[in-house]
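Comments concern the structure below.
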Amino acid sequence: ILFADIVGFTQLSSACSAQELVKLLNELFARFDKLAAKYHQLRIKILGDCYYCICGLPDYREDHAVCSILMGLAMVEAISYVREKTKTGVDMRVGVHTGTVLGGVLGQKR
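For the sequence shown, position 63 matches number 97 in my numbering, and the numbering has no gaps at all.
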């Protein structure tokens, strides 16, 4: 599983207009979605400023860890590009966990 979140999102959101913030998030997450396709990732959720994806589902991949690391490195490059394009100090944290994962839907509604 790979997760990424924007560093200082609260401060960033108070420094930008709502329109600027939506434009920045759209630019960033659209790039991440393209990278996800390239690196065999399945985006499972965008939650505010957090982007979550997985590799190896629905079909197992022997190289799932490598694909996830390459995705993370490409995300770092993408954030640098977006930082320059938007003239903001936007930065991200990216984390990867490999191994067995158990997931499911909790509660009665999805």
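Virtual Cβ for every residue (Gly too), placed ideally from N, Cα, C. Bear in mind the structure is a predicted one, so any value in this text is a computation, not a measurement.
The beta-carbon distance between residue 41 and residue 127, rounded to whole angstroms, is 6 Å. This is short enough to meet the 8 Å contact definition. In the three-state DSSP reduction, residue 142 falls in the coil class, being neither helix nor strand. Residue environment: residue 75 is assigned as buried (16 or more neighbouring CB atoms within 10 Å of its CB, all protein chains considered). Between the beta-carbon of residue 113 and that of residue 62 there is about 7 Å, and that keeps the pair under the 8 Å contact cut. For residue 37, the CB contacts under 6 Å within the same chain, skipping 5 residues up- and downstream, are 86 and 129 in chain order.
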